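Asks: Got a structure here, written out as structure tokens. Questions coming.
There are 2 protein chains.
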Amino acid sequence: MSSDETKATNIVWHDQAVSQEKRWKLNNHKGCVVWLTGMSGAGKSSVANQVEMLLNQNGIRTYLLDGDNVRHGLCQDLGFTVQDRAENIRRVGQVSKLMADAGVVVLSALISPYRSDRDQVRASVQEIASFHEVFVRASLSTCESRDPKGLYKLARAGKIKNFTGIDDPYDEPLKPDLVLDSDNKTVEELASETVAWLEKKISL
Amino acid sequence: MSSDETKATNIVWHDQAVSQEKRWKLNNHKGCVVWLTGMSGAGKSSVANQVEMLLNQNGIRTYLLDGDNVRHGLCQDLGFTVQDRAENIRRVGQVSKLMADAGVVVLSALISPYRSDRDQVRASVQEIASFHEVFVRASLSTCESRDPKGLYKLARAGKIKNFTGIDDPYDEPLKPDLVLDSDNKTVEELASETVAWLEKKISL
């Protein structure tokens, strides 16, 4: 079924007594979704972790949703086919949306290689909070030379199939909200850049 | 597949720079999951809304996950078969867990009729935060006389199948953390009772 259909019938939308405004006011900042996309090894998780640390030091409520971590729980029933990847992104998008609504600055770090999947998340999140697409850009050679999990090596040897950048495409964002130059800058530089750019966007 | 298997391979658990302790400290209270279970019409959503209002007034970060509301997003691909109900509960449980980890007092109001589903959520949440099962108890006759959505009438007429309490069982909690007597008390009374009981549990 397409992502805008609801299978269940006999359900009604309950209005909630505590508004988003009240929840956000308690935190003294807005919730939002910062979606870091890029190839394996581009530095998404490293940057997200550093950004979260800086935000936490500034009193901002944060949560990091890491592509690998959610696969241990919410998305444990999903693999890496095109369909499963889409459902993985959709669910993480929905969780990010709910958390942003709750007042959290959600850092979602996922390869999320397909533009259509990311665009669907954007459209859904934007119903209730801002969505910021951050492109963690690194060349394939940079990613491959880092190869933090040894996965490129396995993919080149044909031991992993459907690996983004090798035998599965990565659709670069056409209009990212922020581009981080991971070929030429350190994690610390990229994180500072992100926080400086983000702070105005989350102030009430 | 059973809920403790992970389909995806080649994934690693990333440790995160900002600990749960740091996130909870910022809020000056713990995150946790308050799981309200009971039949349709027992008053779960009404109580949860009132509880959320009182907590928000006390400066507590909250979020209400309503059974119907999540079916419009995260669980829109699921219906009401035994299997779909189980997956619905599992996903809401996982979202509740992540939100509690972020520092939110999550109020999850779902019929969640099967004991085994609730027990699985409890086990999963308890890996990282407390799980409080709140049984919103009301007799079938009370629920049926309220019938806020007109669903009992439809179920009695055979127009809805698998309806909890009519042609699908509700497993009462064996050891709930709190029982709310919805036959004899008002929503306001039950909410005050819940908040008084909860406050010690979430203080740092």
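The listed protein sequences derive, respectively, from chains A and B.
With this note's numbering, letter number 104 in the first sequence gets 104, and the count goes up by one each step, no holes.
With this note's numbering, letter number 194 in the second sequence gets 194, and the count goes up by one each step, no holes.
Every residue, glycine too, gets a C-beta built ideally from N, C-alpha and C.
Nothing here was measured: the structure is a model prediction, and the numbers come from that model.
#1: Assess contact between the region 16-34 of chain A and the region 153-168 of chain A, defined as three or more Cβ pairs (one per stretch) separated by less than 8 Å. Is contact present?
#2: Cα-Cα, which of B/N58, B/D183, B/V92 is closest to B/E199?
#3: So B/G158 contacts chain A; which residues on that side make the cut at Cβ distance below 7 Å?
#4: Hey, does B/I166 have any beta-carbon neighbour from chain A nearer than 8 Å?
#5: At a cut-off of 7 Å, is A/I202 close to the ligand NAP when judged by its beta-carbon and the heavy atoms of the ligand?
#6: 8 Å is my cut-off, CB to CB: does B/N58 come that close to chain A?
#7: Any idea what DSSP makes of B/S130, helix, strand or coil?
#8: For the candidate residues A/V82, A/R61, A/Y63, A/R90, whose alpha-carbon lies nearest to that of A/C75?
#9: Taking the C-alpha atoms as reference points, what is the distance between A/K185 and A/T194?
#10: Got a sec: is the Cβ-Cβ distance from B/M99 to anything in chain A below 8 Å?
#11: Only counting the same chain, and skipping five residues up and downstream in sequence, which positions put a Cβ closer than 8 Å to that of B/D84?
#12: Under a three-way DSSP split, which group does B/S2 fall into?
#13: Please compile the residues from chain B whose C-beta is within a distance smaller than 8 Å of the C-beta of A/G73.
#14: Let me know the secondary structure DSSP gives A/C32 once reduced to three states.
#15: Out of A/R61, A/L36, A/V82, which has the shortest C-alpha to C-alpha gap to A/G67?
#16: What does a CB cutoff of less than 7 Å around B/L55 pick up in its chain, not counting 5 residues either side in sequence?
Replies: According to the data block:
#1: no
#2: As a working mapping, residue 199 of chain B is identified with position 199 in the second sequence. Among B/N58, B/D183, B/V92, the Cα nearest to that of B/E199 is on B/N58.
#3: Along the second sequence, one-based indexing puts residue 158 of chain B at 158. In chain order: nothing, as chain A lies at least about 14 Å away.
#4: In the second sequence, the residue the question calls residue 166 of chain B occupies position 166. Closer than 8 Å: no.
#5: As presented, the structure is devoid of all ligands, the ligand NAP included, so that no description of it is given.
#6: By one-based count along the second sequence, residue 58 of chain B stands at place 58. No, its Cβ sits nowhere closer than 8 Å to a Cβ of chain A.
#7: Counting from one through the second sequence, the residue named residue 130 of chain B turns up at place 130. It is a strand residue.
#8: Against the first sequence, residue 75 of chain A aligns to sequence position 75. A/C75 has its Cα closest to that of A/R90, out of A/V82, A/R61, A/Y63, A/R90.
#9: Reading the first sequence from its first residue, position 185 is the one you call residue 185 of chain A. Reading the first sequence from its first residue, position 194 is the one you call residue 194 of chain A. Rounded to the nearest angstrom, the two C-alpha atoms are 12 Å apart.
#10: Taking the second sequence and counting its residues from 1, one reaches residue 99 of chain B at position 99. It does; some Cβ of chain A falls within 8 Å.
#11: What you label residue 84 of chain B is simply residue 84 of the second sequence in a count that begins at 1. So the qualifying residues of the chain are L78.
#12: Locating residue 2 of chain B in the second sequence gives position 2, where the first residue counts as 1. Low per-residue confidence applies at B/S2: pLDDT is 40, beneath 50, and the placement is therefore not dependable enough to give any value.
#13: Counting from one through the first sequence, the residue named residue 73 of chain A turns up at place 73. Ordered by position in chain B, the residues that pass the 8 Å Cβ test against A/G73 are Q94, K97, L98, S124.
#14: Numbered from its first residue, the first sequence carries residue 32 of chain A at position 32. Of the three classes helix, strand and coil, the one that applies to A/C32 here is strand, per DSSP.
#15: Counting from one through the first sequence, the residue named residue 67 of chain A turns up at place 67. Ranking A/R61, A/L36, A/V82 by Cα distance to A/G67 puts A/L36 first.
#16: What you label residue 55 of chain B is simply residue 55 of the second sequence in a count that begins at 1. Cβ neighbours of B/L55 beyond the five flanking positions: T62, V105, V195.
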